[in-house]
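What the sequence shown shows, in full-length UniProt numbering, is residues 1 to 272, in sequence order.
Backbone N, C-alpha and C define an ideal beta-carbon position, used for all residues, glycine too.
In what follows, a structure is listed as structure tokens, so that the remarks can point back to it.
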Amino acid sequence: MAPDVTSEWDTHTAISPAGDGVFDAVLDPGWVVGGGVNGGYVLGVVGRAIAASVPAKPHPLSVSAYYLSASRPGPAQVSTRVLREGGTVATVAAELGQEGTTRISVLATYGDLRAMPSDVATTAVEPALPPLEECVPGSLAPEETRRIAPVMDRFDLRFDPACIGWATGRPSGNGHIQAWLRMVDGHPLDAVGLLMVCDALPPVTFDLGRPGWAPTLELTVHVRAVPAPGWLRVSHRTRNLAGGLFEEDCEVWDTAGRLVAQSRQLAMQPRP
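This is the structure we're talking about:
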């Protein structure tokens with residue numbers, strides 16, 4: 001399916017140039033989760049502004065974001081600064097602010113993934129997910145959960161039954177959650193959209209019996225390819241909780257069997 005400029009994702013990440021590398025945006029309330037707006041969505045808005053600042057290099061390759069304060073629905077402004085632009089890649093610094101407060105600070109390398117070599121050599125193993133019809137739809141979440149986290153209505157999620165015990169009070173303790181994912185309107189995501197996908201599933205600490213909002217401190221995403229249309233397979237894991245923090249490692253695979261994005265984030269353990 002060809003991208004639709006009226007799709008929800010495009011609408012919610014829309015930006016307007018305001019001059020001198022500055023872009024106006026509006027953070028949509030449909031992306032709220034817990035105590036703020038979903039960090040992956042906010043990073044997607046910033047990623048859209050960075051792409052507009054270096055139009056010959058529209059795709060994120062490596063993006064590191066530091067979350068300084070919780071974003072709120074409403075007007076926001078993204079300021080970008082091109083630090084270096086060479087023949088293949090550009091390095092751009094960006095910040096998103098609201099009401100005079102910086103919400104997120106980003107350093108990113110962008111390029112054109114379609115112009116780069118397409119050869120792949122990897123030892124990564126595709127996540128083994130059951131067929132869609134055997135997975136658990138996110139739409140079955142209780143109404144109270146959906147009210148607190150309207151971000152769940154942005155996706156069509158189908159969870160691996162082996163990773164959904166936390167929803168019935170029986171978490172596996174393995175620190176692993178994986179699911180099929182697509183946007184609720186069926187719109188195929190571009191490379192910038194992968195920045196959001198890496199933060200789309202519930203915090204992996206749910207599978208450790210620690211539910212709740214887990215504020216992100218830092219998120220680094222590596223984008224490897226423009227995803228093919230269709231369902232994405234998203235896998236989150238954690239191996240260590242210490243000092244009130246945990247890491248969350250994510251892999252995103254497309255319908256062509258390619259590892260199109262990887263990320264690691266450092267987040268605070270959910271509050272009781």
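Exposure of residue i, with buried meaning 16 or more beta-carbon neighbours within 10 Å
{"i": "A49", "result": "buried"}
{"i": "G244", "result": "exposed"}
{"i": "R158", "result": "buried"}
{"i": "P60", "result": "buried"}
{"i": "G209", "result": "exposed"}
{"i": "E218", "result": "exposed"}
{"i": "V125", "result": "exposed"}
{"i": "S71", "result": "buried"}
{"i": "E99", "result": "exposed"}
{"i": "P55", "result": "exposed"}
{"i": "A94", "result": "buried"}
Which of helix, strand or coil DSSP assigns to residue i
{"i": "L195", "result": "helix"}
{"i": "residue 274", "result": "Since the first residue of the chain shown is 1 and the last is 272, residue 274 is not available in this structure."}
{"i": "L140", "result": "helix"}
{"i": "S53", "result": "helix"}
{"i": "I177", "result": "strand"}
{"i": "E126", "result": "coil"}
{"i": "V63", "result": "strand"}
{"i": "G30", "result": "helix"}
{"i": "A167", "result": "helix"}
{"i": "V78", "result": "strand"}
{"i": "H236", "result": "strand"}
{"i": "E95", "result": "strand"}
Residues that residue i bridges to, as DSSP identifies them
{"i": "S172", "result": "S172 is not bridged to any residue."}
{"i": "S263", "result": "V221 and C250"}
{"i": "A90", "result": "E85 and Y110"}
{"i": "L157", "result": "L181"}
{"i": "I15", "result": "A25"}
{"i": "V37", "result": "V32"}
{"i": "A242", "result": "L245"}
Supposed contact pair residue j and residue i - C-beta distance, whole angstroms, cut 8 Å
{"i": "H222", "j": "V204", "result": "Incorrect: roughly 18 Å between the Cβ atoms, too far for contact."}
Exercise. Does the region 130 to 147 touch the region 257 to 265, meaning 3 or more C-beta pairs lie closer than 8 Å?
Worked result: no
For this session: Take every Cβ of the region 89 to 104, pair it with every Cβ of the region 65 to 72, and state whether three or more of those distances are shorter than 8 Å.
Result: yes
Exercise. Does the pairing of the region 25 to 39 with the region 85 to 95 give three or more beta-carbon distances under 8 Å?
Worked result: no
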